[in-house]
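Each residue of the sequence shown is one higher than the one before, starting from 1 at the first, in full-length UniProt numbering. Reading through the structure tokens given below for one structure.
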Amino acid sequence: NPTLALYFLDNYQIDCAYPRDILDDNLAMDRNRIEYIARLPHGQELVTKALDPNEPLLIEQLAKRFGVQDMLTAT
């Protein structure tokens with residue numbers, strides 16, 4: 001994310017130290033959403049696969065917008 005990179009570099013240039021808060025809270029993972037997905041049928045398996053560093057996910061095209069219904073009916 002260019003905004004976060006510039007934020008980091010600006011703070012580092014001024015203070016010669018890493019910024020206190022490296023990640024914008026608005027961009028942080030939403031734990032509740034991950035827990036919700038994990039509770040769906042086969043959700044735990046999906047979350048485990050998504051976090052497997054040996055076999056990273058391949059996403060051919062990012063969706064610009066999606067809702068809960070899209071997640072429930074995805075194949």
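Note that the Cβ used here is the ideal one computed from N, Cα and C, for glycine as well. Owing to the predicted nature of the structure, the values given are computational and were not obtained by experimental measurement.
Length of the line joining the Cα atoms of residue i and residue j
i   : j   : result
Y18 : A5  : 12 Å
D52 : E35 : 17 Å
G67 : T48 : 22 Å
F8  : D30 : 22 Å
Test item: CB-CB of residue i and residue j under 8 Å
i   : j   : result
I37 : L46 : yes
L57 : A50 : yes
Which of helix, strand or coil DSSP assigns to residue i
i   : result
N11 : helix
A74 : coil
Hey, which unbroken runs of the alpha helix (DSSP H) at 4 residues or more fall wholly within the segment 13–71?
-> Counting whole runs of 4 or more residues, the segment 13–71 contains the alpha helix (DSSP H) stretches 31–39, 43–50.
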